[in-house]
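> Please find one structure pasted underneath; my questions will follow.
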Amino acid sequence: TTAVVADGHSGDTDYPFGPIKVIATVGEYNPATGFMLVGVPDGMGAYLRDATTVRIIFQSESYGGLNWWCGPANAPSPRPTAAGLGCGDSFPFMINSNGASFTGSHVMYVDYDRQGLANFMSPGAPEAAVSFVKGAGEAVANAYNLKGQLIGKRNTNATENCCSAAPHFSDTDHNGCGCWSTIHLASPPQRADWTMMSLCSAHLEERLQWGSTGVADTLFITNEEWSSYQPNADYVGIPAHVIDLATFNMYATGVFTMGGFEKIVEVNCGHTAYVCFGVSGYNGEFDLNAAAAAARKNALGKRPDGTDYVRTQNIVPARIYVGVKGRNALGQPATDFLSRNGLAYGQVYGFATNVAQTTGGRYLEDWSKNVATPGQTVAGGFYPIDWRWNGTVTSFQHDGSWAFQHKTSDGLYFWNNGGNSPGSTFDRAASCKTEHNSPDPYGGARVLTSSTCGFFGIYDFSSEIFTKLEAARLAGTWFPTRIAATYINLQGEKNIVNQIQLGGKGKLANGNDARYMVDSDTEAAKNVGGGIQTFEDIDGIEWIAAAGTTDGYIIIQEDGGNFYGERTFITRVRTDGVPLTYYFIAQSGGKLNTRMVARVGVPAGTNDGYWASAAHEFSGVIDLSGVLARDASGNWIATAGVGATKRMAERLVPINNKTIVLGMQAHQQTAGIIRAMGGDRGGQLYTYKPQLPRVDALF
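Numbers given in my numbering equal positions in the sequence shown, counted from 1, plus 16.
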């Protein structure tokens with residue numbers, strides 16, 4: 017490349033499989049209000065605010081005082097003035113008109129003119145998006161806790177055990193008590209009451225997006241991902257949060273358990289009385305000693321089969337949630353926001369299979385690494401866990417996260433990760449976690465799920481979901497005892513070097529290329545051909561519909577500590593046994609990346625080299641084609657407030673005609689305007705227009 021390496025300037029923008037342009041940068045602000053975008057960008061979505069406005073919602077994956085680099089032992093040397101107490105705090109956002117406030121993750125919106133956004137990727141369009149930005153701001157005005165209370169200010173009086181009347185339960189025990197240092201293994205926030213901890217990915221669900229089925233309100237569902245608790249604290253855990261986009265009210269919900277999540281997405285289960293969601297994530301990443309965490313649980317009683325519990329983290333299968341619309345946590349008729357959207361009364365299910373008959377005794381990681389081939393299937397079913405949210409806030413020791421270690425009603429164990437080598441078991445410590453998921457964009461009862469081990473596939477539960485739900489509804493039991501499902505492997509933890517198309521790009525600074533994932537000095541020193549030959553730490557993943565195919569496309573985003581920058585790819589989905597082809601979109605960051613070595617970034621002055629992490633990470637995907645598509649007469653296809661029209665339009669647009677939003681996290685960009693204004697870390701949102709070869713573009 018001949019791109020200049022200079023602070024405040026772009027690098028190589030000659031992308032191999034389609035152009036990319038910037039639509040938002042952390043550090044930019046709304047001149048009318050002074051509101052500034054906070055990093056690092058992660059989960060996102062878009063909808064029509066009105067006929068002429070596209071509203072993009074996105075969140076920052078921020079940690080407040082729980083940043084691992086904030087403590088004195090971890091602060092960089094020489095220390096920037098921001099290191100130490102409060103060094104990870106984003107500027108606070110106020111809630112509830114009662115003076116309560118949060119640091120950590122923000123949820124934000126940016127409004128764009130629909131016509132301007134539709135033209136942005138066309139020849140001759142302006143390079144910058146500023147001319148069609150209408151506004152920006154916080155997407156949370158009021159926040160409700162797990163008890164349905166408007167969250168109040170945090171009590172810091174140690175003589176009262178810091179008991180708060182209306183707490184954010186992620187930061188207290190189940191009674192709302194516990195001072196910061198008795199609950200968290202981290203510095204307290206310095207300018208806010210509470211920390212909204214690590215909102216990872218998220219999904220925007222429009223009202224009745226599947227036609228006559230789906231949620232009742234347009235909402236943004238997000239989730240706290242992980243936390244750091246004192247070993248003996250009586251912590252509650254961390255929930256999902258749901259934002260009503262009509263009011264900007266945010267509601268904590270305990271229906272998915274309290275183990276923290278990567279991403280929760282609505283999946284069409286085809287029944288007007290129900291909603292279904294796919295659920296992914298750690299299942300209890302709380303920075304705890306494994307043996308000690310298990311011992312606390314076992315002191316309350318062993319598993320139903322008489323064996324000892326192990327720590328919950330990553331002991332979890334693929335999950336779905338089935339919720340009943342119009343019922344509260346006790347199953348009574350109700351019309352409040354969570355109840356009418358099926359997010360108060362519901363059941364979590366996990367995938368299980370008879371491993372002796374289907375996988376040769378292997379659990380998920382082991383099978384995916386050592387057996388799985390493209391298109392190979394595993395038959396099983398989704399079974400309810402023996403726990404259900406009832407509206408009562410408890411300590412994590414009583415949470416449903418532990419129930420994935422119990423047997424199903426058929427006497428099976430859940431198909432948990434189970435370790436990556438033969439001898440895998442349902443409760444063996446996993447080497448990886450369940451990462452992002454994505455619903456079938458065509459409206460089927462299918463959900464795509466990925467792993468940090470580099471494998472991914474589709475869980476299809478379409479064969480009997482409606483029949484089972486209707487039978488349970490008529491019987492008054494509401495929740496089936498089993499829902500048949502099949503796992504379809506798309507990519508195992510296998511060598512993908514020959515499946516990658518670089519399009520003449522992807523050259524690394526050491527002469528190697530982006531077919532290899534280089535995450536160690538040893539592999540970097542090997543130069544050409546050095547590095548991991550599988551996917552590594554797939555983080556972001558999104559399933560996109562397009563014309564000409566009923567299985568669509570997938571965008572893959574890694575987060576594996578690549579020394580030369582994290583990669584992102586696009587692939588056409590095939591379930592016929594033919595290996596997928598991965599088209600290289602772009603690569604960014606990495607400690608040996610030429611731009612990172614030169615300490616350059618955007619905005620200028622934000623990459624000062626003080627912070628050890630030079631990692632970037634593509635994270636978050638939105639298919640904008642649904643809100644931007646026109647019919648043959650030039651009229652917009654999608655209508656504001658009618659989510660099904662957006663989904664329909666997405667399926668009509670060929671992949672090479674789409675505009676897709678990609679998020680970028682720039683973790684080392686913490687200086688300059690970002691540090692001065694409490695913006696946490698850097699990042700950008702991009703629009704991407706794929707240009708794939710005819711063999712996979714199909715049109």
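No residue lacks a Cβ here, since even glycine has one placed at the ideal position from N, Cα and C. Since the model is a prediction, treat every value here as computed from it, not as a measurement.
#1: How long is the line joining the alpha carbons of Gly519 and Ser467, rounded to whole angstroms?
#2: Label Ala268 either buried or exposed according to how many other C-beta atoms from any shown protein chain fall within 10 Å of its C-beta, with 16 as the threshold for buried.
#3: Do Tyr503 and Asp476 have their CB atoms nearer than 9 Å?
#4: Below 6 Å CB to CB, which residues in the same chain sit around Gln707 once its five sequence neighbours on both sides are set aside?
#5: If you run the structure through DSSP and keep just helix, strand and coil, what is Val149?
#6: Can you check which of these residues, His184, Gly427, Val618, is closest to Val409 by C-alpha distance?
#7: Looking at the secondary structure, which residues open and close the beta strand (DSSP E) in which Thr558 lies?
#8: Quick one: what does DSSP say Ala309 is sitting in, helix, strand or coil?
#9: Cutting at 7 Å between CB atoms, please list the residues of its own chain near Ala660, excluding the five before and the five after it.
#10: Let's test the definition: count the other Cβ atoms within 10 Å of the Cβ of Tyr704 and tell me whether it reaches 16, buried, or not, exposed.
#11: Beta strand (DSSP E) containing Ala116: first to last residue?
#12: Answer yes or no: do Gln517 and Val56 have a C-beta to C-beta separation smaller than 9 Å?
#13: Taking only runs of the alpha helix (DSSP H) that begin and end inside the segment 245-317, which ones reach a length of at least 4 residues, in chain order?
#14: State the DSSP-derived secondary structure class of Lys662, mapped to helix, strand or coil.
#15: Indicate the three-state DSSP secondary structure (helix, strand or coil) for Ala62 in the structure shown.
#16: Helix, strand or coil, according to DSSP, for Ser417 in the structure here?
#17: So what does DSSP say about Lys484, is it helix, strand or coil?
#18: Please list the segments of the beta strand (DSSP E) lying wholly inside the segment 169-205, counting only runs of 3 or more residues, in order along the chain.
#19: Of the residues Asp58, Ser197, Thr351, which one's Cα is nearest the Cα of Ala218?
#20: In chain order, which alpha helix (DSSP H) runs of at least 4 residues are fully inside the segment 319-357?
#21: So if DSSP puts Trp652 in a beta bridge, which residue, or which two residues, is it bridged to?
#22: So for Leu701, helix, strand or coil by DSSP?
#23: Would you mind sorting Ser93 into buried or exposed? The rule is 16 or more other CB atoms within 10 Å of its CB.
#24: Helix or strand or just coil, what does DSSP make of Met137?
#25: So Gly300 and Thr328 are in contact, right, with Cβ under 8 Å, and what is the actual spacing, rounded?
#26: Any idea if Thr389 is buried or exposed, counting beta-carbon neighbours within 10 angstroms, 16 or more meaning buried?
#27: Contact check, Ala562 vs Lys674 under 8 Å by CB: the rounded distance?
#28: So, for Ala22: in the same chain, excluding its five sequence neighbours on each side, which residues have a beta-carbon less than 7 Å away from its beta-carbon?
#29: How about Ala530 and Arg583: are their beta carbons less than 9 Å apart?
#30: Under the rule that 16 or more other beta-carbon atoms within 10 Å means buried, what is Lys318, buried or exposed?
#31: Could you tell me which whole alpha helix (DSSP H) segments of length 4 or greater appear in the segment 363-433?
#32: Would the beta-carbon of Trp403 fall within 9 Å of that of Gly416?
#33: Output needed for Asp567: all residues of its chain with C-beta closer than 6 Å, excluding positions within five of it in sequence on either side, in chain order.
#34: Buried or exposed: where does Asp647 fall if 16 or more other Cβ atoms within 10 Å of its Cβ makes it buried?
#35: Pairing CB atoms from the segment 186-196 with CB atoms from the segment 288-302, are three or more of them under 8 Å?
#36: Identify, in the order they occur along the chain, each residue of the same chain with its Cβ nearer than 8 Å to the Cβ of Arg130, setting aside the five sequence neighbours on each side.
Answer, in terms of the structure:
#1: 26 Å
#2: buried
#3: A Cβ-Cβ contact shorter than 9 Å links Tyr503 with Asp476.
#4: Phe33, Gly34, Asn672
#5: strand
#6: His184
#7: In the sequence as displayed, the identity of residue 558 is Glu instead of Thr. Start and end: 554-560.
#8: Helix.
#9: Leu224, Gln225, Trp226, Gly227
#10: buried
#11: 116-120
#12: Cβ atoms of Gln517 and Val56: not closer than 9 Å.
#13: 306-314
#14: In the structure shown, the three-state DSSP call for Lys662 is helix.
#15: strand
#16: helix
#17: helix
#18: none
#19: Here the closest residue by C-alpha is Asp58.
#20: 353-356
#21: Trp652 is bridged to Arg646.
#22: strand
#23: Because Ser93 sits at a pLDDT of 48, beneath the cut-off of 50, its placement in the model cannot be relied upon, and the following sentence gives the value as read from the coordinates. With fewer than 16 other Cβ atoms within 10 Å, it is exposed.
#24: coil
#25: 4 Å
#26: exposed
#27: 7 Å
#28: Val616
#29: yes
#30: Exposed, by the Cβ-count rule.
#31: Every unbroken stretch of the alpha helix (DSSP H) spanning 4 or more residues and falling wholly within the segment 363-433 is given here in chain order: 371-374, 380-386.
#32: yes
#33: Result list for Asp567: Val589, in chain order.
#34: exposed
#35: no
#36: Leu64, Ala67, Thr68, Thr69, Val70, Val643, Leu644, Trp652
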